[in-house]
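First the structure, in the form of structure tokens, and then the observations on it.
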Amino acid sequence: MRTLRAMRLVAVSVVKNEADIIEAFVRHSLAWTDHHLIFDHDSTDGTREILQALQAEGLPVSLFRDDQPGHLQQARSNHLTRLAAQAHAADWILPLDADEFIDGPGRPELEAILKKTGAEQTVSLPLLDFCASDQDAPTELNPALRLRYCRHAPSVTRKIFVPRALALDPALSAGKGSHALYRGTEALPAQPLPDGWHLAHLALRSAQQQVLRVVRAELQRMSRGRAAAGLDVHYRLGYQLLAEEPELFLSTSITPASALRELPLAYRGGALKHTAPQDWSRVARSLLPYLEQLATSHGRLADETGFDISPPAPADLIIREIPAASASSRPAGSPVPAFSGFTALSGWGPAEGPVPEAFLPQFHWSYAPATVLAIETPVAGTGQLSADLLTYSDHQTVSIELNGVSLSQFAFPRTNQRERVSAALPLRVGRNELRLSYSQHLASPHDPRALAAIFLSLRVTPPNHP
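Residue 983 in this note's numbering sits at position 114 of the sequence shown, with consecutive numbering throughout.
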């Protein structure tokens, strides 16, 4: 008697330096799929060796590579998607990043939904961000078991699963991150999976992983010059904090469990056999080969362009004294409040954060058209405004006005980069009104506030007392 063939599901992934999570990811994904096609982009931290060990175990994993150094993630993912349909008889293809774990009732229920959806439309499901928290078990190697706390609501970001017919259509391709399928520039609609389905997103799983994310992304972007303008700008603040204030950066890598929801992932992959304890040595293993590659490339370019790096003759060497820094009136070791010296009257949001996915410590949003602050001082004189802030709006300008008199204007050179803004404040006795006006703002159906700038600090220093 002839039996109907079960639906065949194939996962496809492009990975690089994911040694802490790759084994758990593959074992879990194979509980949902029949085969996994994985492109390894020259991992140096042991990721490829773990994948080969899983393959040697007999798990249905196929590994791929190429000789291109460029960041061609989506081209590679689209290639694997078509290969899954052509060579692996996939009825549905599931593009997954190494930090995305399917979570839902079970495979039979997933197959029933996909069968009902039909073969002419993608389905989508949201990402639910999990965070390293102060309640994690530090000795648990498996991130899918260690990370038990997540955001209260899923992200607006969604991923798609692709049916065979659409995967074979050469006119269609998935955009970056496989968040939608496109015909040219037109995104095709996707059928949302019912409530109860999501991808557990484990990107924020450790301080080491946060360091690797921002350093790799920002150095890669900078090394590409003008061709990378506008790409991956969301990593800039994290890189800046890590370079200038690593303690502040690292403070964002752990989120209090009290600010999250406990919702352990239903991990289906079984015990780990090849994953070693992860520490800061993984950061060195991952980054040093890439840094060597960048340095070698720079040296080659210097040779080809005739760039002269020889030291100047002694007679041409100019040595200057570094000016003495102004002494602080604050006692040594006394903490400096990030927000002090003012009372917010309007255009100022409540304290938020930390938000590790955006590399943000505690912060305040300011709202357009203006933030209005009251400053009380018992004596007249010159005070000082100092603030660290950033914006997500292109061509943002902040104008500073005190008691109706314009003081200065600052134009942000780029988005997502922390800028330090200061101004001398000629304060009068009693109440003063400081107004910060913004030329741009962001608002969306998800957040209708007129968001202008993010303040990481804002301090008003009063005039010196006689």
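Note that the Cβ used here is the ideal one computed from N, Cα and C, for glycine as well.
Review point. What is the DSSP secondary structure of K885, counted as helix, strand or coil?
Key: coil
Review point. Rounded to whole angstroms, how far is the Cβ of T1240 from the Cβ of S1262, which I believe are closer than 8 Å?
Key: Incorrect: roughly 15 Å between the Cβ atoms, too far for contact.
Point to revise | Three-way DSSP call (helix, strand, coil) for R1318 in this model | key: coil
Check your understanding: What does a CB cutoff of less than 7 Å around F1232 pick up in its chain, not counting 5 residues either side in sequence?
Key -> E1221, G1222, I1323, F1324, L1325
Review point. Hey, out of K984, I1187, Q990, A1153, whose CA is closest to N886's CA?
Key: A1153
Check your understanding: Is Y1236 helix, strand or coil when you go by DSSP?
Key -> strand
Point to revise | Nearest residue (CA-CA) to L1057, options I962, L1035, A1112 | key: L1035
**Study point:** Candidates Q1147, P1183, W1066, of which the one nearest R1015 by Cα
**Key:** Q1147
Exercise for review: Measure the alpha-carbon distance for E926 versus F1176 and round it to whole angstroms.
Suggested key: 52 Å
Check your understanding: In three-state terms, what does DSSP make of G1250?
Key -> strand
Practice item. On a CA-only basis, which of D1038, H1070, L1037 is nearest G1046? Give me that one, please. Key: H1070
Exercise for review: Ignore the nearest five residues each way along the sequence and tell me which others in S1092's own chain have a CB closer than 7 Å to its CB.
Suggested key: L1163
Review point. Excluding sequence positions up to five away, which residues of its chain have a Cβ less than 7 Å from the Cβ of E1087?
Key: Y1104, R1105, Y1108
Point to revise | Bridge partners - T1266, DSSP secondary structure assignment | key: A1280
Review point. Can you tell me where the beta strand (DSSP E) with K1028 in it begins and where it stops?
Key: 1027 to 1032
Check your understanding: In angstroms, rounded to a whole number, what distance separates the CA positions of S1197 and A1207?
Key -> Low confidence applies here, because S1197 scores a pLDDT of 46, under 50, leaving its location unreliable; read the following figure in that light. Going from the Cα of S1197 to the Cα of A1207 covers about 16 Å.
Exercise for review: Could you pull out every unbroken alpha helix (DSSP H) segment of at least 4 residues lying fully inside the region 979 to 1020, listed in chain order?
Suggested key: 1012 to 1015
**Study point:** Closest by C-alpha distance to D968, when choosing among L979, D911, R945, R1082
**Key:** R1082
Review point. Comparing alpha-carbon positions, which option in V1329, H1021, S1075, L1129 lies nearest A1006?
Key: S1075
Exercise for review: Select from V930, V881, L920 the residue whose C-alpha is nearest the C-alpha of L952.
Suggested key: V881
**Study point:** Paired residues, beta bridge with V1084 - DSSP
**Key:** Paired residue(s): none; V1084 is not in a bridge.
Exercise for review: In the DSSP assignment, find the beta strand (DSSP E) that holds A1060 and state where it starts and stops.
Suggested key: Here the sequence assigns Gln to residue 1060, which means Ala is not the residue at that position. 1059 to 1061 is the span of the beta strand (DSSP E), which, as asked, contains Q1060.
Practice item. With DSSP collapsed to three states, give me the class of S1127. Key: helix
**Study point:** DSSP-derived helix/strand/coil call for T950
**Key:** helix
Exercise for review: Compare the Cα-Cα distances from E1270 to each of T1026, I1244, F908, L1305 and report the closest residue.
Suggested key: L1305
Exercise for review: Kindly identify the DSSP beta-bridge partner or partners of P964.
Suggested key: V881
Practice item. Specify whether the region 1046 to 1055 and the region 1024 to 1035 touch according to this definition: at least 3 beta carbon pairs, one from each stretch, less than 8 Å apart. Key: yes
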